[in-house]
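Participant:
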Amino acid sequence: MAIGLHIPAHHRVFAGFALHAMAMGSIFPRLPDLKHDLGIGDGVLGLSLIGTALGTLTSLTLASPLLERIGYRAALFATIPLTTLAYAIAVHAPSPLFLFLLFYPVGLAIGCSEILLNVEADRTEALLGRRIMNRAHSFWSIGFFVTGIIGSTFAYLGISTQVHLALMVPIIGLSIILLLGRFTPAPARETNSAAPDGKFTRPTGAILVLVAITLSAMLMEGAGQDWSAIYMRQIFHSNPFVAGVAVAVVMLAQAVARFFADSFVERYSPSAVARFLLACMAAGLVILLFHPSPVAALIGFGLVGLGGSVIFPLAMSAAAQRTDRSAAANVASLAQISFSIFLIGPPLLGLVSERWGIQWVFGLGIPFTLLSIVLAGKLGRKSGERAALADPTY
Numbered sequence: 171m172a173i174g175l176h177i178p179a180h181h182r183v184f185a186g187f188a189l190h191a192m193a194m195g196s197i198f199p200r201l202p203d204l205k206h207d208l209g210i211g212d213g214v215l216g217l218s219l220i221g222t223a224l225g226t227l228t229s230l231t232l233a234s235p236l237l238e239r240i241g242y243r244a245a246l247f248a249t250i251p252l253t254t255l256a257y258a259i260a261v262h263a264p265s266p267l268f269l270f271l272l273f274y275p276v277g278l279a280i281g282c283s284e285i286l287l288n289v290e291a292d293r294t295e296a297l298l299g300r301r302i303m304n305r306a307h308s309f310w311s312i313g314f315f316v317t318g319i320i321g322s323t324f325a326y327l328g329i330s331t332q333v334h335l336a337l338m339v340p341i342i343g344l345s346i347i348l349l350l351g352r353f354t355p356a357p358a359r360e361t362n363s364a365a366p367d368g369k370f371t372r373p374t375g376a377i378l379v380l381v382a383i384t385l386s387a388m389l390m391e392g393a394g395q396d397w398s399a400i401y402m403r404q405i406f407h408s409n410p411f412v413a414g415v416a417v418a419v420v421m422l423a424q425a426v427a428r429f430f431a432d433s434f435v436e437r438y439s440p441s442a443v444a445r446f447l448l449a450c451m452a453a454g455l456v457i458l459l460f461h462p463s464p465v466a467a468l469i470g471f472g473l474v475g476l477g478g479s480v481i482f483p484l485a486m487s488a489a490a491q492r493t494d495r496s497a498a499a500n501v502a503s504l505a506q507i508s509f510s511i512f513l514i515g516p517p518l519l520g521l522v523s524e525r526w527g528i529q530w531v532f533g534l535g536i537p538f539t540l541l542s543i544v545l546a547g548k549l550g551r552k553s554g555e556r557a558a559l560a561d562p563t564y
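Okay, so the sequence shown: first residue is 171 according to our numbering, each after it adds one.
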């Protein structure tokens, strides 16, 4: 394609991650409005959001062979805009059941984009001879931050969710042409021993310990995305802009941490960095549980984003470095279970909100975070070779 900016290949990967996050994250600042439009409670909204999770799990499990046949360039140009378009259609749902059904194709497109972008980042690393995966994930968080600010602004101006999501379709489409118009897929690696084969891989006891370490981060990162705007509306009656900013704060803190985390892991150790970050997350969750003020709550959301930012990548490295069986088997089993928790757990927290109050969506994370701190020594006391695998939260 002769149109688009001339930018280095790895910068196009970063742009792809950011645009993917903007496409999939545009709904989250508007969840309070969507909930109001449908006249539903937190529990029903959470169950509707599971449609996206199930679609994502379906495509992550089954879509790789199809994407190989279509070609990564054509598939990437289709799936990111389709995510935005599917969201724009879904927000017209007349009932929670239709919302669930219309969110399913959103998840299918999201899962396909995640496969494409993470494989492309891995191949670009091989081509460049240096790691770019963590920075790619930081750009995903930056994209989520940007779409949070956009959504907050639209909500503050009184623009409906339906018009907002419709406007995102041309915005994302034009951005893809501009930033990815000259995209050419990197050549495939000759071997990729860390790639899971799509089948469920039985976890060992050691992998289950790593799952327990990631549990708090996966649950609370997803909760920060799904429930932060609704939290600000329900607890403090914040205006739509401030409510949407809560989503953006989570992602901005996550982006900063991911961008700089590697140097701290090298200087200290995976377990030391993990314990510090998990302690930050615990402090944030305590703030959100007792909700002293709107400003304190935004600080709490920032601490949650910071605290969960790199726990999963550290656990993936620990899994890959084990010698009890192949790195591929250990990495696949950890990714499959942890990512399922990340997708399905946070929507189900809507049932907790409906029964005990939305502050307990985050209060429930405190014991899981303490468990993660206790077990964090299993991540390793010396920094080792990091697994070049994708973080599924981006």
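Note that the Cβ used here is the ideal one computed from N, Cα and C, for glycine as well.
Is LEU232 buried or exposed, if buried means 16 or more other CB atoms sit within 10 Å of its CB?
Facilitator: With fewer than 16 other Cβ atoms within 10 Å, it is exposed.
Participant: Just to confirm my understanding: we take ALA449, look at its own chain, exclude 5 residues before and 5 after, and list those with CB closer than 7 Å. What are they?
Facilitator: ILE543
Participant: Once you ignore the five residues that flank TRP397 on each side, which residues in its own chain have a CB closer than 6 Å to its CB?
Facilitator: So the list reads VAL531, once near-sequence residues are dropped.
Participant: Quick one: give me the first and last residue of the alpha helix (DSSP H) that LYS205 is part of.
Facilitator: Following the DSSP letters along the chain, one finds LYS205 inside the alpha helix (DSSP H) bounded by residues 201 to 208.
Participant: I'd like the list of long-range same chain contacts for PRO275, defined as Cβ closer than 7 Å, with 5 residues on each side in sequence excluded.
Facilitator: The residues are GLY225, ALA256.
Participant: Could you give the residue range of the alpha helix (DSSP H) that holds VAL214?
Facilitator: 212 to 232
Participant: Rounded to whole angstroms, how far is the Cβ of ALA427 from the Cβ of LEU476, which I believe are closer than 8 Å?
Facilitator: Contact holds; Cβ gap of about 5 Å.
Participant: What is the rounded straight-line gap between the Cα of GLU295 and the Cα of ARG305?
Facilitator: Near 11 Å, if we compare the C-alpha coordinates of ARG305 and GLU295.
Participant: Please classify ILE302: does DSSP put it in a helix, a strand, or coil?
Facilitator: coil
Participant: Taking LEU641 as the reference, which of LEU327, ALA444, VAL420, ARG182 has the closest Cα?
Facilitator: This structure leaves residue 641 out entirely; the chain is present only between 171 and 564.
Participant: Hey, could you find the ends of the alpha helix (DSSP H) ARG372 is sitting in?
Facilitator: Taken as a continuous stretch (DSSP letters only), ARG372 belongs to no alpha helix (DSSP H), as it is neither H nor E.
Participant: Does DSSP classify ILE342 as helix, strand or coil?
Facilitator: helix
Participant: I'd like to check one pair, ILE302 with PHE184: are the Cβ atoms closer than 9 Å?
Facilitator: Taking 9 Å as the Cβ cut-off, PHE184 and ILE302 qualify as a contacting pair.
Participant: For the 8 Å Cβ check, are there 3 or more pairs between the stretch 523 to 542 and the stretch 384 to 395?
Facilitator: Result yes; three or more Cβ-Cβ pairs closer than 8 Å.
Participant: Alpha carbon to alpha carbon, what distance is there between ARG239 and GLU524?
Facilitator: 45 Å
Participant: Where SER487 and GLY550 are concerned, what is the direct C-alpha to C-alpha distance, given to the nearest angstrom?
Facilitator: 9 Å
Participant: In terms of alpha-carbon separation, which member of ARG492, GLY281, ALA291 lies closest to MET580?
Facilitator: Since the first and last residues shown for the chain are 171 and 564, residue 580 lies out of range.
Participant: Taking the beta carbon of PRO366 as the centre, do at least 16 other beta carbons fall within 10 Å, making it buried, or is it exposed?
Facilitator: Only weak support exists for where PRO366 lies, its pLDDT of 48 falling under 50; the value from the coordinates is given anyway. By the 10 Å Cβ count, PRO366 comes out buried.
Participant: For ILE197, does the three-state DSSP call read helix, strand or coil?
Facilitator: coil
Participant: Under DSSP, the alpha helix (DSSP H) around SER265 begins and ends at which residues?
Facilitator: Taken as a continuous stretch (DSSP letters only), SER265 belongs to no alpha helix (DSSP H), as it is neither H nor E.
Participant: Note down the Cα distance separating SER408 from ALA258, rounded to an integer number of angstroms.
Facilitator: 25 Å
Participant: So does the stretch 211 to 225 actually touch the stretch 312 to 329, counting three or more Cβ pairs closer than 8 Å?
Facilitator: Taking 8 Å as the limit for Cβ pairs, the verdict is that the stretch 312 to 329 does not touch the stretch 211 to 225.
Participant: Quick one: residues in its chain with C-beta nearer than 7 Å to the C-beta of PRO178, no 5 flanking neighbours on either side, listed in chain order?
Facilitator: none
Participant: Rank ILE173, ILE210, THR253 by C-alpha distance to the C-alpha of MET192 and give the top, closest one.
Facilitator: THR253
Participant: Helix or strand or just coil, what does DSSP make of SER553?
Facilitator: Low confidence applies to SER553: its pLDDT is 45, below 50, so where it sits in the model is not reliable, and the reading given next is rough at best. Coil at SER553, not helix or strand.
Participant: Assuming ALA279 and THR249 form a contact by the criterion Cβ under 8 Å, report the distance between their Cβ atoms to the nearest whole angstrom.
Facilitator: 5 Å
Participant: Quick check on the DSSP output: the alpha helix (DSSP H) that includes ALA467 runs from which residue to which?
Facilitator: Annotation: the continuous alpha helix (DSSP H) that includes ALA467 extends over 464 to 477.
Participant: Go ahead and pull the three-state DSSP assignment for ARG428.
Facilitator: helix
Participant: Could you give the distance in angstroms between the alpha-carbon of ALA356 and the alpha-carbon of PHE460?
Facilitator: 49 Å
Participant: Mind checking which residues open and close the alpha helix (DSSP H) that includes PHE446?
Facilitator: 440 to 460
Participant: In angstroms, rounded to a whole number, what distance separates the CA positions of SER508 and ALA546?
Facilitator: 16 Å
Participant: Just to check my reading of the structure: SER503 and ARG372 have Cβ atoms closer than 8 Å, yes? What is that Cβ distance to the nearest angstrom?
Facilitator: 6 Å
Participant: Assign ARG200 to buried or exposed, taking buried as 16 or more other Cβ atoms, counted over all protein chains shown, within 10 Å of its Cβ.
Facilitator: buried
Participant: Between HIS180, ARG492, GLY470, which has its C-alpha nearest LEU298's C-alpha?
Facilitator: HIS180
Participant: Using three-state DSSP, classify ILE528 as helix, strand or coil.
Facilitator: coil
Participant: Using a 10 Å radius around the Cβ and a threshold of 16 neighbouring Cβ atoms, would you call ARG300 buried or exposed?
Facilitator: The residue is exposed, with fewer than 16 neighbouring Cβ atoms inside 10 Å.
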